[in-house]
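In my numbering, the protein residues as written are 943 to 1183. Don't be surprised by glycine CBs; every beta carbon is placed ideally from N, CA and C.
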Amino acid sequence: MKAIHEDMLSSITKGEQLLAILIDPDKMEFEGLSTFMVKLNASKATHIFVGGSTVEAFKTDELIRILKGVTDLPIVIFPGDVSQISSHADALLFLSLVSGRNPDYLIGKQIEAVSVLRTMALEVIPTGYLLIENGKETAVERVTQTSPLSRHNIQDIVDTAVASQLLGMKCIYLEAGSGAMNPIDVEIIHAVKKEVRIPLIIGGGITSKQQLDNAYTAGADMVVIGTAFEENASFFEELNK
Ligand code: 1GP
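In structure tokens form, the structure reads like this:
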């Protein structure tokens, strides 16, 4: 398979809108997976992300092996923890939680991951991960013991994204949190897009086609959706309309 990040860049240059379906190994029932995958493969999805904030060790690897047998879409690990790294995936979002000030999630976990990464030829995509406050506490906040950035301080969000780009990150991920009540504001997406040239990924709380379109119009290069599909797989058909 072509390098995932390189491929993302060429799709974005062509004006294509990327859609990643997030599968959380802890929430996906293995029995329902084949029906879910038939719908996913027939949908507009361009990538599959696998990961979660609290996943049992090795469950991610098991799920990725199964997925590899039933889809041709690239599988990218969106890790909550080092134990979620699997050699069977196509790439790993190497996240640094730049919205927070917990050294473990800025650099500690990344150092821990090196001994695992050294044993495999997995594409690593350095990603500046920004959690934006959204009215209720998210799993990311709980697990990482960090505070999100205020959604009202757009300048701070833009500066954090630009600093990540200057540090050499290859993607920016603006996260509202899984199951967030509202997605990232379009004003925020627009402001960040104006100043960063690396791919902009948006996720959290997107549950309608309108919200998805709004994110793309505001400047998202890739949108990540998980909960809406977990709760109702017919959302795939809604997006195809
Ligand atoms: C969560 O951004 C992803 O990390 C997707 O969020 O589950 O709300 O779609 P949802």
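Item                                                                                                                                                           : Value
How many angstroms separate the CA atom of Val1166 from the CA atom of Ala999?                                                                                 : 23 Å
Nearest to Asp1098 by alpha carbon, out of Leu1073, Val1085 and Lys1112?                                                                                       : Leu1073
Nearer than 7 Å: is that true of the beta carbon of Glu1117 relative to any heavy atom of ligand 1?                                                            : yes
With the cut-off set at 8 Å, would you say Ile1067 and Phe1036 are in Cβ contact?                                                                              : yes
Report the partner residues of Ala962 according to the DSSP bridge assignment.                                                                                 : His989 and Val1166
Nearest-angstrom Cα distance between Arg1043 and Ala987?                                                                                                       : 33 Å
So what does DSSP say about Gly1137, is it helix, strand or coil?                                                                                              : Checking the sequence shown, residue 1137 turns out to be Glu, not Gly. Looking at Glu1137 - three-state DSSP - the assignment turns out to be helix.
Can you check the stretch 1064–1144 for any beta strand (DSSP E) of at least 3 residues that lies completely inside it and give the ranges in chain order?     : 1065–1073 and 1113–1117
Among Ala945, Gly1022, Glu1083 and Asn983, which one has its Cα closest to the Cα of Leu1232?                                                                  : No answer is possible for residue 1232: it lies beyond the span of the chain, which begins at 943 and ends at 1183.
Compute the distance between the beta-carbons of Gly1161 and Lys1135, then report whether it is under 8 Å.                                                     : yes
Any idea which residues DSSP pairs Phe1036 with across the strands?                                                                                            : Pro1068
Could you tell me how far apart the beta carbons of Ile1006 and His1030 are, in whole angstroms, since I believe they sit closer than 8 Å?                     : 5 Å
Who are the near neighbours of Asp1032 in its chain, counting only those whose CB is closer than 6 Å to its CB and skipping five residues on each side?        : Met943, Ile946, Pro1016 and Ile1017
CB-CB under 7 Å to Glu1180, same chain, minus the five flanking residues each way: which ones, in chain order?                                                 : Lys1151
Give the secondary structure of Val1024 by DSSP, where H, G and I count as helix, E and B as strand, and everything else as coil.                              : helix
Please report the distance separating the alpha-carbon of Ile1144 from that of Gly1121.                                                                        : 13 Å
Quick one: give me the first and last residue of the beta strand (DSSP E) that Val1018 is part of.                                                             : Ile1017 to Ile1019
Nearest to Phe1171 by alpha carbon, out of Phe978, Pro1141 and Met1062?                                                                                        : Phe978
Report all residues from its chain with a CB closer than 6 Å to the CB of Gly1077; omit the five preceding and five following residues, and keep chain order.  : Met1123
Is Leu960 near ligand 1, judged by its Cβ being under 7 Å from some heavy atom?                                                                                : no
Going along the chain, which residues put their C-beta within less than 6 Å of some heavy atom in ligand 1?                                                    : Leu964, Glu1117, Ser1120, Gly1121, Ala1122, Gly1145, Gly1146, Gly1147, Ile1148, Val1166, Ile1167, Gly1168, Thr1169 and Ala1170
What number of angstroms, rounded off, separates the C-alpha of Lys956 from the C-alpha of Tyr1158?                                                            : 14 Å
Short of 7 Å in beta carbon distance, which residues of its chain neighbour Asn1100, apart from the five on each side in sequence? Order them along the chain. : Before going on, a small fix: residue 1100 reads as Val here, not Asn. Within the same chain, Val1100 has close Cβ partners Ala1133, Val1134 and Glu1137.
What residue from Val1085, Arg1093 and Ser1041 has the CA that sits closest to Ser1106's CA?                                                                   : Ser1041
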